[in-house]
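The working numbering numbers the first residue of the sequence shown as 2 and each following residue consecutively.
Right, one structure below, let's go through it.
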Amino acid sequence: MEPICTKLTQLLDLRSPIVSAPMAFASTPSLAAAVSAAGGLGMIAGDPTSLAHVKEQLNAVRASLNISKNQPIPVGVGFIGWRLDKPEVSGDGPISCKLLNVLEEMPVAIWLAQGVDMGKYVAQIRAYDANRAHKTCVFVMVNCLDEALCAANDWKADVIVVQGIEAGGHCHSKAPPLLTLLEAVRTAIPSSGPCILAAGGVSSGAQIAALLTMGADGVVLGTRFVCTHECMYPDSVKNLLVESGIGSTTCGTIFDEVIVMPFKVEFPEGFNGRGITNKIVDDASAGLSIEERRKRVHDAKTRGDTDRMVIWAGEGVGLIKKTESTADVFAQLHRGAVATLERSRRLLV
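What follows is the structure, given as structure tokens:
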């Protein structure tokens, strides 16, 4: 594999600037390990109320990649800020003992997103690392220029993930399109600042190359890695994603409104979600009450129907043609990026 060299690959000693997103109920140790083994950076999703499970996942990655106990694990762990803010998680000390357990395993990166004040967690990670040789690379995801400037200048994040409105799952409703937001952030933050990663609606190597030529130091893909054998989604859902076409997603609060969770969902104001357009959208458009819509979702789940299942997906889902192994998907993405970068050279005479 011909390496692609960027500030991110130099920072984390990677051969490719491709990062798999930390996706709750989708990412697995085998998926993250496969991405990292291929030369990129794999991520797992961290549940702050069950960090013992996160620790188990990290140990599974360690075993899969044959990493010794005293060496950093070449994957990252992603946390949702508002979930970390829960009293039973945050604790009263300088750092949650549960988060401490994760840092003890030495993942190379921690990803923070969708919180009101993620700076306090950046500071806590820095304080913990001050007493050891291993230094955790801190990723912060942003949806606007002001957030990016705060993450870079106030919180001193190592990596800023610029997420455009095209992203699957949750994103701020006022986030600009990725190309616009990336250009604004790249222009405002000097080259001596943190790495800038692009995320949102990316599914091909050509798109990765385009974002790199715009100045991104790396690219994050979520939905593309959902359609892999290692993703924990059932085959029925992966098939629906593969069968989806261009323009097959809807963004709004309608999906969260029908999800019943064992805890209160408290995304910061302005956040909503992008998922596959289905009968959930039809029910909302028909003006049905939330109670009726939730009942229909529950009844469909009981019957085993997928026509009212919440399936998070980005706008790039229409470019995915089949489910493959993570290794194969990664290789295609990297080769596609290299080939597109090579072709771009011919534009200069």
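Ideal Cβ placement from N, Cα and C applies to all residues, glycine included.
Predicted model only: the values in this text are computed from it and were never measured.
Identity of the residues DSSP links to residue i by a beta bridge
{"i": "W112", "result": "G79, F140"}
{"i": "Q164", "result": "A200"}
{"i": "T229", "result": "E325"}
{"i": "I312", "result": "In DSSP, I312 forms no bridge with anything."}
Check whether residue i and residue j have beta carbons under 8 angstroms apart
{"i": "G219", "j": "L9", "result": "yes"}
{"i": "C138", "j": "L12", "result": "yes"}
{"i": "F268", "j": "I19", "result": "no"}
{"i": "M107", "j": "P73", "result": "yes"}
{"i": "S204", "j": "I321", "result": "yes"}
{"i": "A114", "j": "I161", "result": "no"}
{"i": "A158", "j": "P191", "result": "no"}
{"i": "C172", "j": "F272", "result": "yes"}
{"i": "E231", "j": "T29", "result": "yes"}
{"i": "V76", "j": "V103", "result": "no"}
{"i": "I312", "j": "V259", "result": "no"}
{"i": "G305", "j": "T224", "result": "no"}
{"i": "S21", "j": "L212", "result": "no"}
{"i": "I281", "j": "V298", "result": "yes"}
{"i": "W112", "j": "P23", "result": "yes"}
Pairwise C-alpha distance: residue j and residue i
{"i": "A210", "j": "G216", "result": "10 angstroms"}
{"i": "S286", "j": "G246", "result": "21 angstroms"}
{"i": "A128", "j": "G79", "result": "19 angstroms"}
{"i": "H335", "j": "S17", "result": "7 angstroms"}
{"i": "M2", "j": "D308", "result": "41 angstroms"}
{"i": "N67", "j": "G40", "result": "15 angstroms"}
{"i": "V62", "j": "Q164", "result": "26 angstroms"}
{"i": "A301", "j": "R275", "result": "20 angstroms"}
{"i": "G337", "j": "L349", "result": "20 angstroms"}
{"i": "E184", "j": "T214", "result": "11 angstroms"}
{"i": "D257", "j": "V117", "result": "19 angstroms"}
{"i": "G319", "j": "L241", "result": "11 angstroms"}
{"i": "A340", "j": "S174", "result": "34 angstroms"}
{"i": "T254", "j": "R133", "result": "43 angstroms"}
{"i": "L179", "j": "L146", "result": "12 angstroms"}
{"i": "Q333", "j": "K323", "result": "12 angstroms"}
{"i": "E105", "j": "D284", "result": "47 angstroms"}
{"i": "S65", "j": "E292", "result": "45 angstroms"}
{"i": "N154", "j": "R294", "result": "44 angstroms"}
{"i": "D48", "j": "F140", "result": "17 angstroms"}
{"i": "E343", "j": "L42", "result": "23 angstroms"}
{"i": "A189", "j": "L101", "result": "34 angstroms"}
{"i": "S290", "j": "F226", "result": "34 angstroms"}
{"i": "C252", "j": "S51", "result": "29 angstroms"}
{"i": "D93", "j": "N71", "result": "Confidence in D93 is poor, its pLDDT being 46 and thus under 50, which makes the residue's placement unreliable; the coordinate value appears in the next sentence. Spanning the two alpha carbons is a distance of roughly 29 angstroms."}
{"i": "E167", "j": "G201", "result": "5 angstroms"}
Host alpha helix (DSSP H) of residue i (start-end)
{"i": "V298", "result": "291-304"}
{"i": "L242", "result": "236-244"}
{"i": "S345", "result": "327-346"}
{"i": "Q11", "result": "8-13"}
{"i": "A128", "result": "120-130"}
{"i": "D283", "result": "280-286"}
{"i": "M206", "result": "Rather than Met, the amino acid found at residue 206 in this sequence is Gly. Start and end: 206-214."}
{"i": "L150", "result": "146-150"}
{"i": "L66", "result": "L66 -> no alpha helix (DSSP H), and no H or E assigned at all."}
{"i": "T181", "result": "179-189"}
Unbroken beta strand (DSSP E) run spanning residue i, endpoints
{"i": "H173", "result": "170-173"}
{"i": "I277", "result": "272-277"}
{"i": "T251", "result": "250-253"}
{"i": "G219", "result": "219-222"}
Proximity test, Cβ basis, 8 angstroms: residue i and chain B
{"i": "M44", "result": "Annotation note: the requested chain B is absent from the structure, which comprises a single protein chain."}
Segments of 3+ residues assigned as beta strand (DSSP E) that fall wholly inside the stretch 17-54 = DSSP runs (the beta strand (DSSP E)) wholly in the stretch 17-54: 19-21, 43-46.
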